[in-house]
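Accompanying notes for the structure given below.
Residue numbers (the numbering used here): 72 to 254.
Following this line, the structure appears as structure tokens:
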């Protein structure tokens, strides 16, 4: 568990999160939404989240995880964990992850993933199941799926939705009041 936490923190550092040169794993933990995903730290913040705030937020992911879990999926779990820990009611948070490009391969079933990556297990499957179980929408760009030769029905993990394109998904989400994560 400690190694998993350290790897997740290292992924945060690599993704541009504001961490010291050497991550201090002692400040990070999991929960309250996901017990094993989305590490976050308690922070004495100056910017207060007003009572009654509702988050409708989307993430955009195009880079496939080279080793471990996809950083964009981790970020969505972290968003839920840290805001719930900060007192935002779970029912006040709606999230979507729009996936395109090479990251589409992180959404594959065990069979489809293994056939593309020398029999390897998809390390993203448990995180995707947890996110979908919490109502997070995982939306795949249909154009990326077609370009990568994916079968939109048979190759995708349960709960993954397919949009005409990532651009379409983002436009529809924004029309529904979702903000887009800028990084």
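Cβ coordinates follow ideal geometry from the N, Cα and C atoms, glycine included.
What residues are listed by DSSP as bridge partners for residue i?
i: residue 100; result: 111
i: residue 210; result: 169 and 232
i: residue 164; result: 126
i: residue 250; result: 128
Using a 10 Å radius around the Cβ and a threshold of 16 neighbouring Cβ atoms, would you call residue i buried or exposed?
i: residue 113; result: exposed
i: residue 142; result: buried
i: residue 119; result: exposed
i: residue 117; result: exposed
Spatial neighbours of residue i within its chain, please: C-beta separation below 6 Å, excluding the five flanking residues on both sides.
i: residue 173; result: 135
i: residue 176; result: 135
i: residue 251; result: 129
Give the secondary structure of residue i by DSSP, where H, G and I count as helix, E and B as strand, and everything else as coil.
i: residue 232; result: strand
i: residue 243; result: helix
i: residue 221; result: coil
Within the continuous beta strand (DSSP E) that includes residue i, where are the two ends?
i: residue 129; result: 126 to 132
Spatial neighbours of residue i within its chain, please: CB distance less than 8 Å, with the 5 preceding and 5 following residues excluded, ordered by chain position.
i: residue 234; result: 169, 210, 211, 212, 213, 240 and 243
i: residue 194; result: 136, 139 and 140
i: residue 123; result: 163
i: residue 151; result: 104, 105, 109, 161, 164, 166, 205 and 207
Mind checking which residues open and close the alpha helix (DSSP H) that includes residue i?
i: residue 118; result: Element bounds for residue 118: n/a, residue is neither H nor E.
i: residue 142; result: 142 to 156
i: residue 159; result: Taken as a continuous stretch (DSSP letters only), residue 159 belongs to no alpha helix (DSSP H), as it is neither H nor E.
i: residue 196; result: 196 to 204
i: residue 135; result: Looking at the DSSP string, residue 135 is not in any alpha helix (DSSP H), and its letter there is neither H nor E.
At a cut-off of 8 Å, is residue i close to the ligand FMN when judged by its beta-carbon and the heavy atoms of the ligand?
i: residue 179; result: With respect to the ligand FMN, the structure offers nothing, as it holds no ligand at all.
Could you pull out every residue in the same chain whose Cβ sits closer than 7 Å to the Cβ of residue i, ignoring the five residues on either side in sequence?
i: residue 157; result: 120
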